[in-house]
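Below is one structure; the comments refer to it alone.
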Amino acid sequence: MTAIDTGTTELLCDLGDGVATVTLNKPHKRNALGDILTPALREILLTLEGDPRCGAIVLTGAGRAFCAGGDVSGMGGPRKPASDAPKPGPDDAVRTLIRKQETLTLRMHELAKPIVAALPGPAAGAGLSIALAADMRVMAEDTFITTAFRNIGLSGDYGGSWLLTQLVGPAIAKDLYLTARRVPAAECLALGIVNRLAPYETVREEAQEIARRIANGPRTALSYMKENLNRALTTDFRTCLAAEADRMVRASAQADHREAVRAFMEKREPVFDYPG
1173 MTAIDTGTTE LLCDLGDGVA TVTLNKPHKR NALGDILTPA LREILLTLEG DPRCGAIVLT
1233 GAGRAFCAGG DVSGMGGPRK PASDAPKPGP DDAVRTLIRK QETLTLRMHE LAKPIVAALP
1293 GPAAGAGLSI ALAADMRVMA EDTFITTAFR NIGLSGDYGG SWLLTQLVGP AIAKDLYLTA
1353 RRVPAAECLA LGIVNRLAPY ETVREEAQEI ARRIANGPRT ALSYMKENLN RALTTDFRTC
1413 LAAEADRMVR ASAQADHREA VRAFMEKREP VFDYPG
């Protein structure tokens, strides 16, 4: 296992067997987002996207929480710009938030390398949005999620409303946003919000196993699969067919495809040649 420097102890990253494990490391704050943790998370996603040793990512939280979202203790008061700086207006704030969202949850959604979120404890607010931006989710059997925004008089950000609606449909998404009720793990599984449940003690290992299987598979083909499935959320059938044809032809030219076919014919597991 190789440690990757994130520039802060609030975010940890280890890489081994093709899987990068990224851990939100503020357990005393339930891994709440902040001015140190969140920029580091944005940067490590870029780092891992360009690292050929990484084939998949596990995103988790330290202790008994995944992520509580924004740090509420820093909300609600007047903002204090630098004394000589002009006061930013609403349009500036909107542009800033759009940039922050696009470089975090949109980046996760579009990242070529699949992401598996391991939820050892609650995911709330923007923390839930981050979990939903992952490609798969494994959740501890004794925890819950909540949209949470209404509890602090906010409407929601980081794409949670879109991501949740894609998973469960508008009626249930409205229920969860407008009431901010806690959704226990069993209901999350039944609704399709998470893929698997596991005991708290093994939830990270379960996510690791999924990520290892992905990372040690035909990476180019799996990246194209994620792209195809994401496109299916917003694009018409004809366009999706054309894009599938393009990616299928590209995948067929890869060494991974040739090795997978040989392994299939020889009744063995394929061995793909990846660095690290």
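In the numbering used here, each number is its position in the sequence shown, counted from 1, plus 1172. For glycine and all other residues, C-beta sits at the position ideal for the given N, C-alpha and C. None of these values were measured; they are calculated from a predicted model.
Worksheet entry | Per-residue burial, residue 1182 [other beta carbons within 10 Å of its own, 16 or more giving buried] | buried
Fill in: Rounded Cβ spacing between residue 1348 and residue 1374 (contact assumed at less than 8 Å)
Contact doesn't hold; Cβ gap of about 27 Å is too wide.
Worksheet item: Hey, residue 1400 and residue 1419: beta-carbon distance below 8 Å or not?
Response: yes
Fill in: Burial state of residue 1424 (16 or more Cβ within 10 Å)
Label assigned to residue 1424: exposed.
Discussion item. Just to confirm, is the Cβ distance from residue 1178 to residue 1212 under 8 Å?
Written reply: yes
Worksheet item: Nearest to residue 1197 by alpha carbon, out of 1184, 1345, 1191 and 1189?
Response: 1184
Item to complete: Taking 8 Å as the threshold, find out whether the region 1353-1370 comes into contact with the region 1269-1282 through three or more Cβ pairs.
Response: no
Fill in: Exposed unless 16 or more other CB atoms sit within 10 angstroms - verdict on residue 1333
buried
Worksheet item: Are three or more beta carbon pairs between the region 1348-1362 and the region 1188-1205 nearer than 8 Å?
Response: no
Discussion item. Which same chain residues end up closer than 6 Å to residue 1416 when comparing Cβ atoms and leaving out the 5 residues on each side of it in sequence?
Written reply: 1400
Practice prompt. List the DSSP bridge partners of residue 1186.
Written response: 1175 and 1193
Fill in: Pairwise C-alpha distance: residue 1394 and residue 1433
16 Å
Item to complete: Quickly, what does DSSP pair residue 1356 with across the bridge? List them, please.
Response: In DSSP, residue 1356 forms a bridge with 1316.
Worksheet item: CB-CB under 6 Å to residue 1203, same chain, minus the five flanking residues each way: which ones, in chain order?
Response: 1196, 1233, 1237 and 1239
Practice prompt. Go to residue 1422, then tell me how far its alpha helix (DSSP H) extends in each direction, as first and last residue.
Written response: 1409-1424
Practice prompt. Note down the Cα distance separating residue 1310 from residue 1230, rounded to an integer number of angstroms.
Written response: 10 Å
Discussion item. Is the separation between the beta-carbon of residue 1306 and that of residue 1324 shorter than 8 Å?
Written reply: no
Worksheet item: Closer than 7 Å: is that where the CB of residue 1312 sits relative to any heavy atom of the ligand ZN?
Response: With respect to the ligand ZN, the structure offers nothing, as it holds no ligand at all.
Item to complete: Count the other CB atoms, across all protein chains shown, that sit within 10 Å of the CB of residue 1205; report buried if there are 16 or more and exposed otherwise.
Response: buried
Item to complete: Just mark residue 1427 as buried or exposed, buried being the case when its beta carbon has 16 or more other beta carbons within 10 Å.
Response: exposed
Discussion item. For residue 1301 and residue 1329, I'd like the C-alpha separation in whole angstroms.
Written reply: 8 Å
Discussion item. Measuring alpha carbon to alpha carbon, tell me which residue in 1340, 1322 and 1276 is nearest residue 1217.
Written reply: 1276
Worksheet item: How far does the alpha helix (DSSP H) with residue 1332 in it reach, from first residue to last?
Response: Looking at the DSSP string, the run of the alpha helix (DSSP H) that includes residue 1332 is 1332-1340.
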